[in-house]
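Read in the working numbering, the sequence shown has 436 at position 327, and its numbers run on one by one without any break.
Ideal placement from N, C-alpha and C gives every residue a C-beta, glycine not left out.
All values derive from a computational prediction rather than experimental measurement.
Before any comments, here is the structure.
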Amino acid sequence: MAEDFAKAVEDGLKLAKRIYLGKDKAVMTAPKPPSPPVQGLADYYLPSAPMVYAVISDPRFVDNPDFPSYQPHVYGRCDPPALIPLQMSGVDLEVNCYGDTAFVQISGKWRVHCVMGSHSCDCRIAVPMGNQGSILGVEVDLPKKSYSTELVGLEESKCIEKKARPQDGGFMKPHIFMLTIPQVDGGTNISIKLRWSQKLLYNDGQFTLIVPFSFPEYVTPAVRKISKKEKIQLNVNSGIVTGILCKATSHPLKETKRHAEKFSFLYESEVLTWSKTDFSFTYSVSSSNMFGGVLLQSPPLYDHDQRDMFCVYLLPGSQKSTEVFKKEVVFVIDITNSMQGRPLEATKNAISSAMSKLSPEDSFNIITFSSETSLFSTSMELASKEAIERATTWLSTKSTVEGSTCISIPLEHAYEMLSNTSGSIPMIFLITDGAVEDERNICDQMKKRLKNSGSLCPRIHTFGIGSFCNHYFLRMLAMIGRGEFDAVCDLDLIENRIQKLFSNAFSTVLADITVDAFNDHEQIEVYSSCIPDLSFESPLTICGRYEGSFPDTLKAKGILGDLSSVVMDLKIVRAKDIPLDRVLARQEIDLLTAQAWLSENKQLEQKVAQLSKVTCNISEYTRMVLLEKNKIDKAIESSGAQKVKKTDPHKIEDPLAPRKTLLQSLSVGFGDLTATAENIRPGFEEPKLPDAAEIFLKATSNCCGRMCNRCCCMCCIQCCSKMNDQCAIVLTQIFTALAFIGCIECCTLCCGQNGQ
């Protein structure tokens with residue numbers, strides 16, 4: 110899908126060569142990419158900042174809405190449509206950071222500069238988001254209409270008749286949200302407001318925010334007299350952490366306010382071209398030792414759960430000398446046929462890299478599974494150089510095999526290998542791309558085993574590849590095993606994300622964490638049944654609800670890497686300026702959804718749906734809809750007029766009621782047993798349509814023999830006076846507007862003269 114999008118943008122930029130911008134104005138041209146682009150053509154044309162594209166199916170209407178250029182007539186249609194990036198006339202970025210969570214809002218103005226004023230086109234919005242980004246909402250304002258997104262429950266969504274096409278709303282990549290606004294007139298100015306949440310990166314006691322804010326040159330208006338104002342507002346509230354130091358920033362920010370744990374920055378300027386770099390900001394926490402605190406807050410009035418909220422956070426500090434645990438590690442790898450290609454190769458590379466980082470006193474083993482199980486060694490092996498080389502060689506010989514996916518047996522093997530561990534922290538890493546029928550039973554069995562294992566029981570870390578595996582089963586399994594869960598649907602990110610999972614687990618500095626009040630206070634509900642370990646590479650957040658009064662003092666206990674015990678006093682603060690319900694919403698929804706899946710609890714599902722709707726976070730139990738409001742209807746209503754249906758003279762319509770369009774499901778789902786059984790590979794969820802240019806070439810192979818893959822049939826007639834029946838058939842089928850873009854080049858090839 111990303112490759113198709115990039116090709117459509119490339120075609121759109123070629124198509125934009127037709128646009129004449131008036132005397133002494135440059136003609137909009139496509140940028141010259143590196144040759145070849147280091148990151149590949151697809152990545153080069155993917156949005157690196159919020160973008161809006163004109164969706165062009167009929168190239169005849171591509172022109173300057175203010176200055177008609179009287180270009181030569183163009184025949185045909187673009188199938189698939191070309192995407193012309195719209196020029197942007199203003200952008201305003203506002204970021205509010207609370208702890209490790211950032212809420213991003215970008216307001217911008219774009220103009221449909223490439224379509225005749227007498228015609229219209231769809232406009233496609235692309236929203237690239239930062240680390241673990243979650244879309245919260247889109248608002249679009251036009252002269253006659255306005256659009257906005259909203260989440261509704263599953264039952265309500267069934268009553269919405271109008272359904273959007275897949276390309277009209279959804280995720281092109283896990284971090285890029287797309288939304289299509291229908292039929293916008295040429296020359297229209299579009300005001301758009303985009304909102305999402307994302308996580309800050311954490312490393313060595315420093316938090317780093319990175320927001321996609323790198324705009325390509327071709328969105329800068331060609332008319333130099335147009336004012337171009339760029340504004341960035343950053344507000345940081347770190348909770349109860351004081352002694353914050355600002356380390357680095359990508360843009361020249363000016364500090365406007367500072368008070369203890371809160372500070373604000375502003376950047377505002379008239380620019381010649383838009384920002385060419387992502388917006389980044391890094392600040393450090395002064396403490397070098399691990400510490401923690403508690404934030405308390407009353408629920409907002411709209412919250413159905415009127416119990417108070419709490420959030421316990423633990424930070425590892427910046428002291429690198431903190432001793433990490435000795436490790437015993439078992440890698441459990443799915444090698445069913447669906448893992449063929451990049452998934453398995455990336456997994457192998459990540460495991461080989463992880464083994465090289467083990468210390469000689471650590472031990473490890475590898476288990477591969479499909480319907481059968483294979484072990485590298487019958488017992489744990491010390492991580493000597495020779496053992497790691499043997500394991501790497503053994504792993505490299507493993508290829509995918511036919512068969513079903515069976516997770517319970519290899520998981521049991523891994524647990525048995527680590528059952529007698531002492532003096533180290535045992536870890537199981539499960540990597541799979543499939544779903545299995547006995548997932549709930551696996552969770553129940555692991556819960557019983559781990560409950561009876563005592564101190565430093567095996568940790569279970571899980572990693573899912575693609576959307577066919579059940580992410581909530583893997584999340585719940587990791588929650589039960591005090592481990593971490595991660596998943597990717599973008600195959601290019603597999604190796605990097607698995608290595609990140611390994612790195613976090615290998616950097617554990619505090620294990621077997623308990624908070625005294627959680628066990629003694631019946632009125633406190635903790636959403637995570639088992640508290641995960643604290644890693645040097647990531648802060649730890651524990652959230653929940655409570656009734657009545659919260660304890661005046663709170664202590665966290667745990668085991669350090671040298672197996673000594675530690676007790677920390679947690680500072681309790683009532684959060685006043687932090688929207689704790691919004692900050693914790695994403696984590697709360699994910700944890701409660703996993704619990705609802707395991708227990709099959711309908712009340713929990715309803716709770717998640719309600720939380721999803723009020724906080725605008727996507728969930729499995731809600732759907733996103735596009736609301737369309739007609740400003741003309743609003744004006745009629747304000748003047749006292751009422752609209753009456755012809756079919757029912759007694760029934761009066763509400764002129765302010767928005768028209769609803771149901772978008773495609775944005776959630777990941779609960780796995781796909783059928784796709785797993787058929788060994789369908791991740792990334793092949795949607796069948797790829799044949800390339801239109803390829804079909805055209807095959808069908809017209811007898812036409813002139815020298816046609817390029819962007820040739821126009823009419824051009825070929827003029828150049829060669831040849832057009833067979835096959836050409837005519839294809840012309841009526843796809844009427845190739847993809848072809849017309851290269852019309853001039855084709856004519857040059859055919860007869861050596863410019864098509865104009």
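Test item: CB-CB of residue i and residue j under 8 Å
i: P325; j: F645; result: no
i: L309; j: A158; result: no
i: I341; j: L202; result: yes
i: M489; j: M536; result: no
i: G296; j: D167; result: no
i: G573; j: A596; result: yes
i: V682; j: G402; result: yes
i: L195; j: V171; result: no
i: V52; j: L693; result: No answer is possible for residue 52: the residues shown for the chain start at 110 and end at 865.
i: M448; j: T509; result: yes
i: A506; j: S479; result: Checking the sequence, you will find Thr at residue 506 rather than Ala. Not a contact, by the Cβ cut-off of 8 Å.
i: S513; j: A786; result: yes
i: K271; j: T770; result: yes
i: L260; j: M733; result: yes
i: I516; j: L559; result: no
i: Q307; j: A684; result: no
i: P189; j: A117; result: yes
i: T382; j: L375; result: no
i: R451; j: I603; result: yes
i: Y207; j: N346; result: yes
Near the ligand MN: residue i beta-carbon under 7 Å from a heavy atom
i: L354; result: This structure lacks the ligand MN; in fact it carries no ligand of any kind.
Span of the beta strand (DSSP E) around residue i
i: Y162; result: 160-165
i: N298; result: 298-308
i: M677; result: 674-683
i: D209; result: First-last for D209: undefined, no H or E at that position.
i: H570; result: 568-574
Chain-order list of residues whose beta-carbon lies under 7 Å from that of residue i (same chain, five-residue window excluded)
i: T482; result: I476, I518, P519, H522
i: I633; result: A626, F627, G653, Y655
i: E379; result: S336, K337, K338
i: A111; result: A151, L155, M281, K282
i: H284; result: P237, M238, G242
i: R549; result: L707
i: Q696; result: T650, C652
Status (buried if at least 16 other CB within 10 Å, exposed otherwise) for residue i
i: I741; result: exposed
i: L275; result: Here the sequence assigns Pro to residue 275, which means Leu is not the residue at that position. It counts as exposed.
i: T541; result: buried
i: K254; result: buried
i: P567; result: buried
i: G185; result: buried
i: C825; result: Caution applies to C825, whose pLDDT of 37 falls short of 50 and renders its modelled position unreliable; the model cannot decide the point.
i: P361; result: exposed
i: K123; result: buried
i: D547; result: exposed
i: Y179; result: exposed
i: L565; result: buried
i: K334; result: exposed
i: C268; result: exposed
i: A125; result: buried
Residues of its chain near residue i, where Cβ-Cβ distance is below 6 Å and the 5 sequence neighbours each way are ignored
i: F322; result: A158, S384, D387, F388
i: G121; result: A191, L192, I193
i: P641; result: R591
i: G246; result: T258, R304, C725
i: E511; result: N446
i: N344; result: N205, S373
i: D277; result: T289
i: F440; result: I460, I475, F538
N-terminal and C-terminal residue of the alpha helix (DSSP H) that residue i is part of
i: V723; result: 711-724
i: V249; result: Counting along the chain, V249 falls outside any alpha helix (DSSP H), though it belongs to the beta strand (DSSP E) covering 243-250.
i: A455; result: 451-465
i: Q554; result: 548-560
i: T382; result: Looking at the DSSP string, T382 is not in any alpha helix (DSSP H), and its letter there is neither H nor E.
i: V777; result: Here V777 belongs to no alpha helix (DSSP H), and DSSP marks it neither H nor E.
Contacts around residue i, its chain only, beta-carbon distance under 8 Å, and the 5 residues preceding and following it disregarded
i: S562; result: S528
### Message
When you compare the segment 764-783 with the segment 718-730, are there three or more beta-carbon pairs, one atom per stretch, that lie closer than 8 Å?
### Response
yes
### Message
Below 8 Å, how does it come out for the segment 160-167 and the segment 231-240: are there three or more Cβ pairs, yes or no?
### Response
yes
### Message
Is it the case that the segment 406-421 contacts the segment 689-699, given that we only count it when at least three CB pairs across the two stretches are under 8 Å?
### Response
yes
### Message
Can you confirm whether the segment 431-443 touches the segment 659-671 when touching is taken to mean that 3 or more C-beta pairs between the two stretches lie within less than 8 Å?
### Response
yes
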